[in-house]
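The structure appears below as structure tokens.
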Amino acid sequence: MMVLPGLIGFASTLVIAAAAIATVCYTVNYINNRYLHEGQGPSRPSSSGNNKSSKSWKGYDDWNEISCTICLNAVNGWTTRELACGHMFHNKCIESWFTHTRCCPNCRTDV
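Numbering of the sequence shown is given in numbering that gives the first Met the number 0, commencing with residue 0 and proceeding in unit increments.
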């Protein structure tokens, strides 16, 4: 009867290992689909300080809809404002932001 506890321990170890491998595979697949194939994701600022040429991300979500990065809702069907740096926000959101500071919430460029 001492073999049974050993088998249970071995089986539970296999289940935990399989779950860990599945989690790693899922994470790698998610990152691959999200950033590498789509070409999305925040770009790094250039070392020259000119952020306009290095921007490739404007707040796109998984379905390529432009989102307001202040409230995180899609800007479709709303009155929007695009700043000189190229980032787009809801009019109400950016006006509220400008009561506190006069720079872009995403890249901190003065407006």
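From the three backbone atoms N, C-alpha and C, an ideal C-beta is built for every residue, glycine too. Fair warning: this is a prediction, and the values are worked out from it, not measured in the lab.
Original post:
Got a sec: is the Cβ-Cβ distance from residue 109 to anything in chain D below 8 Å?
Top reply: Note that chain D does not occur in the displayed structure, where there is just one protein chain.
Original post:
In this structure, what does DSSP give as the bridge partners for residue 100?
Top reply: Numbered from its first residue, the sequence shown carries residue 100 at position 101. The partner list for residue 100 (beta bridge, DSSP) is empty, contrary to what the question assumes.
Original post:
Cβ of residue 18 within 7 Å of any heavy atom in the ligand FAD?
Top reply: Inclusion of the ligand FAD in the displayed structure is not the case, the ligand content being empty and no account of it being possible.
Original post:
What does a CB cutoff of less than 7 Å around residue 83 pick up in its chain, not counting 5 residues either side in sequence?
Top reply: Position 84 of the sequence shown, counting from 1, holds the residue named residue 83. Same-chain partners within the cutoff: 110.
**OP:** Using the Cα positions of residue 24 and residue 71, report the straight-line distance between them to the nearest angstrom.
**Re:** Start at 1 with the first residue of the sequence shown, and residue 24 comes out as number 25. Start at 1 with the first residue of the sequence shown, and residue 71 comes out as number 72. Straight-line Cα distance between these residues: approximately 29 Å.
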